[in-house]
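What follows is a short report on a single structure.
Protein chains: 6
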Amino acid sequence: MGASDYKFEHFNVTFPAEYVAQVQIDRPKKLNAFTPAMFTSLGAIFNKLSHDENVRAIILTGNGDRAFTAGLDVQAASDSGFMTLGKGEDVARRGVKIQRHIQEIQDTVTAVEKCEKPVIAVMHGYAYGLAIDMTTCCDVRICAKDTTFSVREVEIGIAADVGTLSRLPYSGVSMSFIKDVALTARDWSAEEALRVGFVSAVYDSKKEALDRALHLAKLIATKSPVAVQGTKQVINYSRDHQIVDGLEYIKVWNASMVQTKDTEDALLAGIKKKKPVFAKL
Amino acid sequence: MGASDYKFEHFNVTFPAEYVAQVQIDRPKKLNAFTPAMFTSLGAIFNKLSHDENVRAIILTGNGDRAFTAGLDVQAASDSGFMTLGKGEDVARRGVKIQRHIQEIQDTVTAVEKCEKPVIAVMHGYAYGLAIDMTTCCDVRICAKDTTFSVREVEIGIAADVGTLSRLPYSGVSMSFIKDVALTARDWSAEEALRVGFVSAVYDSKKEALDRALHLAKLIATKSPVAVQGTKQVINYSRDHQIVDGLEYIKVWNASMVQTKDTEDALLAGIKKKKPVFAKL
Amino acid sequence: MGASDYKFEHFNVTFPAEYVAQVQIDRPKKLNAFTPAMFTSLGAIFNKLSHDENVRAIILTGNGDRAFTAGLDVQAASDSGFMTLGKGEDVARRGVKIQRHIQEIQDTVTAVEKCEKPVIAVMHGYAYGLAIDMTTCCDVRICAKDTTFSVREVEIGIAADVGTLSRLPYSGVSMSFIKDVALTARDWSAEEALRVGFVSAVYDSKKEALDRALHLAKLIATKSPVAVQGTKQVINYSRDHQIVDGLEYIKVWNASMVQTKDTEDALLAGIKKKKPVFAKL
Amino acid sequence: MGASDYKFEHFNVTFPAEYVAQVQIDRPKKLNAFTPAMFTSLGAIFNKLSHDENVRAIILTGNGDRAFTAGLDVQAASDSGFMTLGKGEDVARRGVKIQRHIQEIQDTVTAVEKCEKPVIAVMHGYAYGLAIDMTTCCDVRICAKDTTFSVREVEIGIAADVGTLSRLPYSGVSMSFIKDVALTARDWSAEEALRVGFVSAVYDSKKEALDRALHLAKLIATKSPVAVQGTKQVINYSRDHQIVDGLEYIKVWNASMVQTKDTEDALLAGIKKKKPVFAKL
Amino acid sequence: MGASDYKFEHFNVTFPAEYVAQVQIDRPKKLNAFTPAMFTSLGAIFNKLSHDENVRAIILTGNGDRAFTAGLDVQAASDSGFMTLGKGEDVARRGVKIQRHIQEIQDTVTAVEKCEKPVIAVMHGYAYGLAIDMTTCCDVRICAKDTTFSVREVEIGIAADVGTLSRLPYSGVSMSFIKDVALTARDWSAEEALRVGFVSAVYDSKKEALDRALHLAKLIATKSPVAVQGTKQVINYSRDHQIVDGLEYIKVWNASMVQTKDTEDALLAGIKKKKPVFAKL
Amino acid sequence: MGASDYKFEHFNVTFPAEYVAQVQIDRPKKLNAFTPAMFTSLGAIFNKLSHDENVRAIILTGNGDRAFTAGLDVQAASDSGFMTLGKGEDVARRGVKIQRHIQEIQDTVTAVEKCEKPVIAVMHGYAYGLAIDMTTCCDVRICAKDTTFSVREVEIGIAADVGTLSRLPYSGVSMSFIKDVALTARDWSAEEALRVGFVSAVYDSKKEALDRALHLAKLIATKSPVAVQGTKQVINYSRDHQIVDGLEYIKVWNASMVQTKDTEDALLAGIKKKKPVFAKL
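Residue numbers (the working numbering), protein chains in the order written: chain A, 2 to 282; chain H, 2 to 282; chain W, 2 to 282; chain S, 2 to 282; chain V, 2 to 282; chain P, 2 to 282.
Written as structure tokens, this is what we have:
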């Protein structure tokens, strides 16, 4: 597959290096805010990348200087009935429709987490609301120093329901900080994000951050995809289960995976100081 | 309800701003150390605040310059038989009494965590033993730079049983640090507390810290209480369950909660640049 | 028991202070890399220390200037058939053998975590692969500033299966950082390790770090072993279960443990400003 | 304590044998249907019995020939505003009130499960709705052959929320049967109840069933209360956790409990063919 | 929607009564054995029925006299490459393909369980392999007395991976029986199935069983769909979580659901002895 | 390996058919009661059988006419200090010794459950105390009609701590029955055991039951050991985890296991109506 297989409105999917894909949110005039249709596209893109054997690492970024994404486009959401779903109906029936709808949106964002290939989020400018929902699904988060973050939802009278509140407590970030920003909807800076570990690095500009992400993605792409995808899968599984379950899981996982030829090739390449070549996955 | 509904010995409950309550531990001559009766009061106060519709955010602080709280008043505990419960009886029967007693004390502290409204802990001076048990139940922790923390219990020959050892591993704090301070009972500083994320901010003085907490509490109080209380509830639930369970919970939670008028009012207020007014909760 | 009870090839077990044991990995010419036999010894040593009543705290370190441990000795592992286990057999049968083998190795490393006495890891130089697997089982991690860490496994084409991927997400460390280093196998420094909380302190030299560890271990050894061992046990249990389960566990735990004479002795010693003496455990 | 300590409207608490309490639902003219106030009483009675050292086993029964209980008294519930709680208010605010109310009712029923002493439910006649909620909290369930059971809630347009749907799947009963009766609200007989294991015995009449329950309760009362209460506690804990957690729990539980003098006395009594006498608990 | 919206090869979807759908597996010449394509259809059908507001209860049955389904059509599976997926490739890469494929098949079967409307399985003749996988996802299981069941997979050298081994332990059936039939692949009869509770009723013929299922489905269809769908959802959730989590879930669920008009209508209809009419869902 | 590798006092290990091992508890004069040393042997035997490639199914039985096992030999346990462990010591220290001891005994019994090969328990005569602990670890339980069961522990003043209370709630048996027999220590019959599903079949005599077990074991031994051992492992895992986790586990398990040649051989044998021959495991 190639770029032509990834035509989705408001997204640019490119391949800046061998085995590296870049997903760019592309609605810069609206600060990359999400319309309802964009959620569907997001899910479709990551489901596709997940099994694309030409992809070993993915960068997620936003077009333009001003924003990674400002979150949900409230106007577009209102126009499409997204915000007033089932209004006027029996409370229970409206409740069921709301549940189905939240499930649908959650699934599109969860597709980023379930994607078998590692995803590196590169944030800059506004990283509001949905930005947090989405990037807590990513594996590595880095940003430009001008990034302004916000768990925005209480500002519009709702508790965030697309993943932020469920995933932040599993991000290795101070709970006092999480509550502080989630309860107040206040802005927080790149510096704070680094201090509490929400991002693992801050760069002087969006460009520098993207360069670094590309370097990282290319580095990952040189490794055995069996090892890399296993590592992502097992860390996520372990995060979601007890340690004993994580140990059991990797044991069963590796029952097949260490039978790969990649281990031998990697060891040999190490000895011969050559770059190993691994089959696609 | 108002201040007169919250008369408890050794606690001052005041309302420094609209929708903001402040609970001050008030036994400064004894470094705000807890007598057995004070545990009961603590539980009663927070159970009451939880459903008080005039409260949207709570500050927890200690009276005097020297201590947030030095922990359990060992002398008072001894006098009341608290430390020698069932001594001399059959080991099993004494064991059952100890269990019942620990359960009772745990419940009073857990009341702080279960309180539907966010609680901001402001620490200064000594923050020993019970101080950690109690504030790990709070949502946001900040402190003055003179604060000295200690997980004190091994110093008196016991493993802490009021919550510290169970809640610290869920606070987003380095486990190596947690073990270090819990196994040695050593003092740790505000600076360390900030570095590892136990507190999310340190201020020059108790006064400054309290001012900041009041600012924070007032900010929270301007938001929709439906959104704020949902946010607290869902973060705590998510911390205690797997991510998939957190996602399911917020989905069902919001089935009713997004049917609130608050969302509309908040959106409209945002557009009109006005301060929204939300009904009590 | 004494040093003579702990004769294991490639390990030096010494007792630098009363109630303090030091386990030194001793294969400096090979950067303290592990042969298959060393895993078995590691498990045996910690299982023994766990019930040794002359031990209250343990230091884990590596001999020589260059490495804590460079990880698995790939050559030795190959020679012993460790890496080619069941090669050529039916895939399923080979898979079962691999599972049994991983289980065996995991158990030796888990022995460090299950050891009833606290373990302080002191790292320096290379701390690669197995170094992370082993030290995530330790209670406190400190290091010299020259330490170079690496989750090395993807470099040789496998997902780490001895514990790193399952325990790091429970170490209170930024998940973005964990994924970054585990997916790339890149080196990371003592400074980064401190910032993200993987270690809780960094010292100028291995010697200084060891001195500090000894100080810490001696401090722990002065406390009631009932309290110290309970504290370790309950923190680990709480990390592995929900908060409510942790609270229940410490309640039942203390049903017997607070009936100890140590509490009384510790309190009395505190009042009399004397050093308490506790019975062995 | 004695019968005079247990004065609650619509309940008779008696002591038909040493260490045996009997709780009789006493509103026979209304088929023992529950008013809102009766829930509060139910919780209070079982909380009290739980720590009453003169009680070692409890029988739960209903007064009159016609019903154990026909469930919630819908009329009384309506009159007290119980069914229309918060009607007309903002959906979210009404939702919060409903949650608080359900929590309150659940807690009263859960008190039966949490009661430290075993509870034997003896059903006859109508055992509808709340009857199932309550008795799934009991330890042993037996009935007269005239009993008619029903999970009644869908008949009045709601999913049962006081425990039936959460506890039945943990009762060791065929899930196909549970769904059948819960989705249709149909009546089921004593015979079916026995076949699927909801009850463990059926007797010809209420009297016979009560006689058998008394025999059972008296038998339990002759055993060591340390052993009996531990057995109840550990089975319930094990039901609610994984097997490994159950094994760990009983291990820690018995650390204190097997230090009881009861074991020695029980063994000696066994040898001497005498009836042992155990201290109160 | 109607029958014309449910055109799928080898399935007949009909509507034998108002609000009742019947899904008939229709490949009688091949004992209703499943081709790979039929799995996809199965998932699609139940995903569609789940949100079809004209459906309140579903019957799942097989066409012809001889079999509900004999399971996977091994020949068809072989022809489509289903059984030799990735054969000859690197073991790890083949392993990944196998995982993706199993996931896909599991998802189609899980669609039956996730379907919001109750599903009643009516078995007869051969009910082999996949028959157990599928019907453990159903809510109610009944059968004709001529039914022969078998967990067939070990017969062809594999451990069942489409759900049987994971769901049977949650069906309220004797574990000794489950192991017996799963380890031997032996046939078991309708009588045994009833005794252990795998089915909740046995009828003399397929026709009688279908009549009974229709009666059951029609009965369910007369109840409030809010109550019925909530009941299914909450029982399944409770089965998959601890009791405390089940209680919390129904509490939050009913926060919206008891605000329905259905409760009032159901109560009123009860009083007026009329049949209530509920809005679609 | 053969019988000569399994010499353990008070146990006879024989091989009545190809791939079938029989473990006979052999202390008939003492009703096969367990001495402390026998626990160690039990664990050793099953650990060895687990990896013995000549074994595919195991029968567990007791020598003599009178008892499967009467449980712990209280006299022998007393003589060896087993019952008075640490008596007179500090309560906490005694508590720690008790914990270590219970852990040790639990591990020997858990070895039966962890054994990779299926274990069929054949009970007769007295099946008291430990008999239940041990057989709840077995896969299939059958018995002679003269069997008398008892969860005996409350009779001697303790809550059972070797597994009965933790495993019975996971045996698919009516909870009301479990509580009934565990709280009273009463005898129960083979007939009751069958009705509630504790055993899956009852035979007229011990001989008949043993014959049937041998038939079952031989049948299992004809199947692919890859399929059989996977089936046991996955059912046990699923019983101990949520359904979604069970589905994930079998998916990863089969990533290697369905790459076996056994599937092909089994299919071919099925077509050719021949008995397949599988490689050892």
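The beta carbon of each residue, even a glycine, is placed where N, CA and C say it ideally should be. Since this is a predicted model, take the numbers as computed values, not measurements.
Query, Result
"Any C-beta of chain A under 8 Å from that of Asp66 (chain W)", "no"
"CB of Asn33 (chain V) within 8 Å of CB of Phe69 (chain V), strictly", "yes"
"Residues, ordered as in the chain, of the segment 164-176 of chain P that lie near chain S by beta-carbon distance below 7 Å", "Gly164, Leu166, Ser167, Arg168, Pro170, Tyr171, Gly173, Val174, Ser175, Met176"
"Distance between Ile60 (chain A) and Leu342 (chain H) (C-alpha atoms, nearest Å)", "A query on residue 342 (chain H) cannot be resolved here, the shown segment of chain H reaching from 2 to 282 and no further."
"Proximity to Tyr20 (chain A) [Cα-Cα], best of A:Val75, A:Ile106, A:Ile251, A:His52", "A:His52"
"Assumed close pair Leu211 (chain S), Val123 (chain S) - CB separation to whole angstroms, cut-off 8 Å", "5 Å"
"Coil, strand or helix - Asn33 (chain S) by DSSP", "coil"
"Proximity test, Cβ basis, 8 Å: Val197 (chain S) and chain V", "yes"
"Residues sharing a beta bridge with Gln25 (chain W), DSSP", "W:Asn13, W:Thr62"
"Endpoints, the alpha helix (DSSP H) within which Tyr129 (chain P) is located", "Segment 127-129 is the beta strand (DSSP E) holding Tyr129 (chain P); no alpha helix (DSSP H) there."
"Contact list for Met258 (chain H) against chain A, beta-carbon separation under 8 Å", "Ile159, Ala160"
"Start and end residues, alpha helix (DSSP H) containing Val110 (chain A)", "92-115"
"Span of the beta strand (DSSP E) around Ala68 (chain P)", "68-70"
"Where Ala186 (chain H) falls: helix, strand or coil (DSSP)", "coil"
"Positions along the segment 179-191 of chain P whose CB lies within less than 8 Å of some CB in chain S", "Ile179, Lys180, Asp181, Ala183, Leu184, Thr185, Ala186, Arg187"
"Neighbourhood of Arg28 (chain S) by C-beta distance below 6 Å, restricted to the same chain and skipping five residues each side", "His11"
"Euclidean distance between Cα positions of Lys98 (chain S) and Gln234 (chain H)", "15 Å"
"The segment 141-156 of chain W contacting the segment 110-127 of chain W, beta-carbon criterion three pairs below 8 Å", "yes"
"Residue from W:Leu43, W:Val75, W:Glu54, W:Lys49 with nearest C-alpha to Thr62 (chain W)", "W:Leu43"
"Opening and closing residue of the alpha helix (DSSP H) in which Ala77 (chain W) lies", "75-80"
"Meets three-Cβ-pair contact criterion under 8 Å: the segment 249-259 of chain V and the segment 250-259 of chain H", "yes"
"Residue span of the beta strand (DSSP E) that contains Ala122 (chain H), given as start and end", "120-124"
"Cut-off 7 Å between Cβ atoms - residues of its own chain near Ser172 (chain A), not counting five sequence neighbours on either side", "Thr137, Phe199"
"Alpha helix (DSSP H) segment containing Arg57 (chain A), residue limits", "Element bounds for Arg57 (chain A): n/a, residue is neither H nor E."
"Sub-8 Å separation of Ala93 (chain V) and Asp80 (chain A) beta-carbons", "no"
"Local conformation of Arg153 (chain H) per DSSP, three classes", "coil"
"Chain S residues whose Cβ lies nearer than 9 Å to that of Thr36 (chain V)", "Within chain S, no residue comes near Thr36 (chain V); the closest Cβ sits about 28 Å away, beyond 9 Å."
"Contact residues within the segment 57-86 of chain A, judged by C-beta distance below 9 Å to chain V", "none"
"Under 8 Å between C-beta atoms of Ala186 (chain V) and Ser151 (chain V)", "yes"
"Continuous alpha helix (DSSP H) stretch holding Ala191 (chain W): start and end", "191-196"
"Chain W contact for Val203 (chain S) (CB, 8 Å cutoff)", "no"
"Interface flag, Thr111 (chain A) vs chain W, CB-CB below 8 Å", "no"
"Cβ-based burial, Ser177 (chain S) [other Cβ within 10 Å; buried from 16]", "buried"
"Chain P within 8 Å of Ala18 (chain W), Cβ atoms only", "no"
"Alpha helix (DSSP H) runs contained entirely in the segment 198-245 of chain H, provided each spans 4 or more residues", "207-222, 226-240"
"Residue burial classification, Gly89 (chain V) (beta-carbon count within 10 angstroms, cutoff 16)", "exposed"
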